[in-house]
């Protein structure tokens with residue numbers, strides 16, 4: 000019995016000593032476990048490196064290529080400059096070039112009336128030559144035809160000037176010209192309207208004959224409207240004012 004008691008006592012003592020030894024070793028294990036985490040803390044530093052990939056969205060700057068639509072400026076129609084051509088100036092210049100610029104000495108003219116100037120035509124009026132954009136040729140008949148047709152087709156006014164022949168609608172049918180005598184037989188047709196008063200009759204006659212006799216070769220102009228002399232149609236009567 001005593002031996003068994005001693006044996007039990009020995010076992011208890013051994014277990015107690017073993018427990019003491021094991022308890023003394025456990026702090027070291029815990030310390031070692033504590034020291035291990037610092038080494039593992041370096042690993043999380045590698046995780047921020049992954050965040051570097053977030054800079055790849057910087058490719059969003061590529062939408063700045065939307066500036067490429069700038070070629071839309073090329074369709075701008077510069078052809079709008081073409082409408083700037085205003086041919087309306089050419090008709091007006093045909094009636095008033097004598098007032099400005101260089102006038103060729105061989106220009107073909109028509110004559111208008113400048114009223115109330117104290118001149119010898121009509122009732123104290125003057126004749127004013129206007130160019131029509133043509134120059135004289137070697138063909139007197141052609142030049143006469145151009146001049147007279149231009150006079151009777153001209154407008155009633157050119158600035159302050161008056162065209163009394165505007166009331167008639169005549170045109171040249173034929174011209175007989177004798178270059179030795181200088182007589183031009185001019186035959187016209189159309190509608191003739193007689194002026195209302197003696198002043199306009201005188202103005203009418205002055206315009207037509209001055210236009211016909213502007214050519215040095217023409218010494219005399221005999222003008223017919225139908226089968227009647229234009230001079231007879233323009234004769235003033237006592238009934239006219």
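Residue numbers (my numbering): 0 to 240.
By construction, the Cβ of each residue, glycine as well, lies at the ideal position given by its N, Cα and C atoms.
Go ahead and pull the three-state DSSP assignment for residue i.
i, result
"residue 200", "helix"
"residue 11", "helix"
"residue 158", "coil"
"residue 163", "helix"
"residue 93", "Bear in mind that the predicted position of residue 93 carries a pLDDT of just 46, short of 50, making it too unreliable to give a figure here."
"residue 102", "coil"
"residue 138", "coil"
"residue 151", "helix"
"residue 232", "helix"
"residue 217", "coil"
"residue 144", "helix"
"residue 130", "strand"
"residue 62", "With a pLDDT of 43 at residue 62, under the threshold of 50, the modelled position of that residue is not reliable, and no figure is offered here."
Quick one: measure Cβ to Cβ for residue i and residue j, integer angstroms, because I've assumed they're closer than 8 Å.
i, j, result
"residue 143", "residue 211", "6 Å"
"residue 166", "residue 149", "Wrong, their Cβ atoms sit about 16 Å apart, outside the cutoff."
"residue 146", "residue 185", "Not confirmed; about 11 Å, so no contact."
"residue 228", "residue 203", "Contact doesn't hold; Cβ gap of about 14 Å is too wide."
"residue 139", "residue 214", "6 Å"
"residue 171", "residue 194", "At roughly 20 Å, the Cβ-Cβ gap does not stay under 8 Å, so residue 171 and residue 194 are not in contact."
Going by Cα to Cα distance, which pick from the options is closest to residue i?
i, options, result
"residue 196", "179, 129, 121, 158", "121"
"residue 183", "153, 230, 173, 110", "173"
"residue 218", "181, 102, 187", "181"
"residue 113", "127, 103, 105", "127"
"residue 187", "198, 207, 194", "207"
"residue 117", "110, 111, 125", "125"
"residue 226", "198, 189, 209", "189"
"residue 178", "209, 137, 152, 169", "137"
"residue 192", "151, 209, 221", "151"
"residue 102", "123, 141, 134", "134"
"residue 115", "230, 198, 231, 216", "198"
"residue 168", "154, 176, 175", "154"
"residue 141", "209, 175, 129, 230", "175"
When burial is assigned at 16 or more other CB atoms within 10 Å of the CB, is residue i buried or exposed?
i, result
"residue 200", "buried"
"residue 104", "exposed"
"residue 12", "exposed"
"residue 14", "exposed"
"residue 110", "buried"
"residue 161", "buried"
"residue 159", "exposed"
"residue 10", "exposed"
task: For the region 168–196, list the beta strand (DSSP E) runs that are entirely contained and at least 3 residues long, ordered along the chain.
output: As far as the region 168–196 is concerned, its whole beta strand (DSSP E) runs of at least 3 residues are 168–177, 182–190.
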